[in-house]
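The sequence shown runs contiguously to residue 358 in our numbering.
Beta carbons: idealized from backbone N, C-alpha and C, even for Gly.
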Amino acid sequence: MRAVNVSRAWRVLAEDGVLWFRMCTREGYHPHASVSDSPCWKSTLRDCRNSAKAVRSNWKNRVGSISQLQFELGKVLCDVSSCDNYVLAGYTSGDVRLWDTLHWDATASFLKANSLSALTNPRPHVSLVQVNATVAAAAYQDGDYNLWSTETGGEPLHHYQLPGTIRALAVSPDTPVLVSAAGSDVRLDGADDCGYWSICKCVSQAQSLLVVPGRAGERPVAALAAGESVHLLKPGEGEELQLLHSVYGHPVTCLDASDSLVAFGVKRAGWSMHDGGNKVGSPSLHLWFLALVNKWRQSCNEESSPGCVVTAALPPVSMWLLVNWSIMDGSPLPRGNCNLAFVC
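Listed below in structure tokens is the structure:
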């Protein structure tokens with residue numbers, strides 16, 4: 015009888031939906047889901063594992079097929095962006111197209127320009143495009159910026175113009191927030207739950223920028239690189255940029271951020287002493303720890319290798335460190351820590 019009772023208890027535990035839900039989210043599947051989103055999280059986790067296993071196996075064995083997104087001939091592709099199941103493309107004709115890759119047989123959504131740009135002949139080229147799960151954005155050669163809903167498409171939800179040469183464009187990965195740089199201006203636009211747009215402007219010669227993720231329900235924060243410095247733009251605290259760090263004589267070459275970290279690579283120049291001899295300065299990765307998006311402190315300025323750091327990416331929890339750079343913050347971080355950076 016005791017063995018039967020123990021078996022019943024284990025059976026109840028093995029069928030506990032909350033337990034399987036936590037295991038599913040801990041492994042990186044459906045991170046934004048709630049317990050009520052699936053009637054059986056045990057089978058959901060099994061399906062996710064099987065799908066991931068199949069993808070790894072197909073990738074290893076070079077098994078797969080190429081699906082081509084169709085568009086009318088005679089148009090030159092200027093820029094492309096993707097997020098989740100969406101692919102956004104901009105062309106020299108001024109056209110912007112959005113595809114949902116879950117429906118390959120469906121035609122691309124035609125994202126219309128604002129009424130003034132539509133009357134321009136010839137229409138300006140599309141310079142940059144960005145997309146996330148809710149909004150799609152495009153920057154045009156004449157300084158126009160349009161923002162559309164990925165769900166409805168059609169007419170732009172938001173439109174504005176910046177003078178000068180377009181430098182960079184970025185959208186938040188999880189909120190309807192757009193940050194753009196043109197000439198000497200940087201502008202951050204964000205929408206609230208009621209659809210009202212707020213604007214924050216500042217002056218900076220930014221070459222690259224991004225929106226710090228994980229800020230849903232809070233004020234957006236943008237990180238931008240200008241020359242040898244990395245800055246923060248935080249609406250509500252004036253229109254002055256907050257200096258995060260400057261690497262004198264070494265321009266910033268790449269930038270990435272998570273909800274708690276900012277990583278950027280620099281290109282070093284000049285000469286330095288090493289083992290009694292001279293060597294050409296080499297690149298390094300700087301990683302900064304972000305506490306409540308208010309207090310910043312440097313986490314590492316680590317080893318380097320010949321050449322230039324061209325990419326810095328902060329991985330999700332489930333990924334591993336691909337380079338053997340230690341990250342120090344008083345004491346070494348664990349090797350499996352989720353806030354380690356990829357460098358290419």
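What residue from D206, C92, Q155, L255 has the CA that sits closest to G178's CA?
Here residue 178 is taken as the residue at index 164 of the sequence shown, counted from 1. The option with the nearest alpha carbon to G178 is Q155.
By the 10 Å Cβ neighbour count, where 16 or more other Cβ atoms means buried, how is R40 classified, buried or exposed?
To locate residue 40, count along the sequence shown from 1; it is residue 26. Exposed is the call here.
In angstroms, rounded to a whole number, what distance separates the CA positions of V225 and G31?
Sequence index remark: in the sequence shown, residue 225 carries index 211 (1-based). Sequence index remark: in the sequence shown, residue 31 carries index 17 (1-based). When rounded, the distance between both Cα atoms is 35 Å.
Local conformation of R36 per DSSP, three classes:
Here residue 36 corresponds to residue number 22 of the sequence shown, with the count starting at 1. R36: helix per DSSP, three-state reduction.
Using alpha carbons as the reference points, say which of N160, S218, Y105 lies closest to D93.
Within the sequence shown, residue 93 is the residue found at index 79, counting from 1. Residue Y105 is the option with its Cα nearest to D93.
Residue interval of the alpha helix (DSSP H) (run including A68):
Start at 1 with the first residue of the sequence shown, and residue 68 comes out as number 54. Residues 55-74.
Work out the CA separation of V90 and R181 for me, nearest whole Å.
What you label residue 181 is simply residue 167 of the sequence shown in a count that begins at 1. What you label residue 90 is simply residue 76 of the sequence shown in a count that begins at 1. The alpha-carbon atoms of R181 and V90 are separated by roughly 20 Å.
Of the residues A184, T115, S218, G157, which one's Cα is nearest the Cα of D203?
Here residue 203 corresponds to residue number 189 of the sequence shown, with the count starting at 1. The option with the nearest alpha carbon to D203 is A184.
Only counting the same chain, and skipping five residues up and downstream in sequence, which positions put a Cβ closer than 6 Å to that of N146?
Counted from its first residue, the sequence shown places residue 146 at position 132. Same-chain partners within the cutoff: C97, V185, P187.
If I measure Cβ to Cβ from S107 and keep anything under 6 Å in the same chain, skipping five residues before and after, which residues do I get?
Translated into the one-based positions of the sequence shown, residue 107 becomes position 93. Taken in chain order, the residues that qualify are K89.
At the level of alpha carbons, what is the spacing between Y262 and S243?
In the sequence shown, the residue the question calls residue 262 occupies position 248. In the sequence shown, the residue the question calls residue 243 occupies position 229. Their backbone Cα atoms lie some 8 Å apart in a straight line.
Per DSSP, the bridge partner or partners of W162:
Locating residue 162 in the sequence shown gives position 148, where the first residue counts as 1. Paired residue(s): A150.
Sort A230, W55, A277, R233 by Cα distance to L223 and report the nearest one.
The sequence position of residue 223 within the sequence shown is 209, counting from 1. Checking every option, the nearest Cα to that of L223 belongs to A277.
Does DSSP classify R22 as helix, strand or coil?
Here residue 22 corresponds to residue number 8 of the sequence shown, with the count starting at 1. In this structure, R22 counts as helix in the three-state DSSP scheme.
7 Å Cβ cutoff met for C214 and P249:
Along the sequence shown, read from residue 1 onward, the residue named residue 214 stands at position 200. Along the sequence shown, read from residue 1 onward, the residue named residue 249 stands at position 235. Yes; because the gap between Cβ atoms is below 7 Å, this pair is in contact.
How big is the Cα-Cα spacing for L27 and K56?
Counting from 1 along the sequence shown, the entry for residue 27 is found at position 13. Counting from 1 along the sequence shown, the entry for residue 56 is found at position 42. Between L27 and K56, the C-alpha separation is close to 12 Å.
Near T58, what residues of its chain come up, given a Cβ to Cβ distance below 7 Å and the 5 sequence neighbours on each side ignored?
On the sequence shown, position 44 is the one that residue 58 refers to. Cβ neighbours of T58 beyond the five flanking positions: C38, S52.
Between T189 and R22, what straight-line distance do the alpha-carbon atoms span, to the nearest angstrom?
Residue numbering aside, residue 189 sits at position 175 when the sequence shown is read from its first letter. Residue numbering aside, residue 22 sits at position 8 when the sequence shown is read from its first letter. Approximately 45 Å, taken between the alpha carbons.
What is the DSSP secondary structure of G168, counted as helix, strand or coil?
Taking the sequence shown and counting its residues from 1, the one referred to as residue 168 is at position 154. Reduced to three states, the DSSP call for G168 is strand.
Can you give the Cα-Cα distance for N75 and W34, rounded to whole angstroms?
Counting from 1 along the sequence shown, the entry for residue 75 is found at position 61. Counting from 1 along the sequence shown, the entry for residue 34 is found at position 20. Going by the C-alpha atoms only, they are around 31 Å apart.
What does Y105 pair with, by DSSP beta-bridge criteria?
Along the sequence shown, read from residue 1 onward, the residue named residue 105 stands at position 91. In DSSP, Y105 forms a bridge with L91.
Please classify N292: is it buried, with 16 or more other beta-carbons within 10 angstroms of its beta-carbon, or exposed?
Along the sequence shown, read from residue 1 onward, the residue named residue 292 stands at position 278. Reliability fails at N292, whose pLDDT of 37 lies under 50, so the model's placement of it is uncertain and the value that follows must be treated cautiously. It counts as exposed.
Under 8 Å by Cβ, that's how I've got K126 and G78 pegged, so tell me the actual separation to the nearest angstrom.
The count along the sequence shown starts at 1 and reaches residue 126 at position 112. The count along the sequence shown starts at 1 and reaches residue 78 at position 64. That pair is no contact at about 35 Å.
Check G178 in the structure and name its three-state DSSP category.
Position 164 of the sequence shown, counting from 1, holds the residue named residue 178. Three-state result, G178: coil.
Assuming S123 contacts L112 under a Cβ cut-off of 8 Å, what Cβ separation, rounded to an integer in Å, is found between them?
The residue labelled residue 123 in the question sits at position 109 within the sequence shown. The residue labelled residue 112 in the question sits at position 98 within the sequence shown. Correct: roughly 4 Å between the Cβ atoms.
Under the three-state DSSP convention, the category D51 falls into:
In the sequence shown, counting from the first residue as 1, residue 51 sits at position 37. If DSSP states are grouped into helix, strand and coil, D51 belongs with the helices.
Would you list the residues sitting across from S111 in a DSSP beta bridge?
The count along the sequence shown starts at 1 and reaches residue 111 at position 97. Note on residue identity: the sequence assigns Arg, not Ser, to residue 111. Answer is A103, F124.
Using a Cβ-Cβ cut-off of 6 Å (strictly less than) and excluding sequence neighbours within five positions of S212, which residues of its own chain qualify?
Taking the first residue of the sequence shown as 1, we reach residue 212 at position 198. Closer than 6 Å at Cβ, skipping near neighbours: G204.
Exposed unless 16 or more other CB atoms sit within 10 angstroms - verdict on K281:
Residue numbering aside, residue 281 sits at position 267 when the sequence shown is read from its first letter. Burial call: buried.
Candidates H46, L257, R233, N135, of which the one nearest D206 by Cα:
Within the sequence shown, the letter at position 192 stands for residue 206. The option with the nearest alpha carbon to D206 is R233.
May I ask you to report which of helix, strand or coil DSSP gives L83?
For the purposes of this step, residue 83 is taken as the residue at position 69 of the sequence shown. Coil at L83, not helix or strand.
With a threshold of 6 Å on Cβ separation, who are the neighbours of A240 within its own chain once the five nearest residues in sequence on each side are excluded?
One-based indexing of the sequence shown puts residue 240 at position 226. So the qualifying residues of the chain are S218, Q219, A220.
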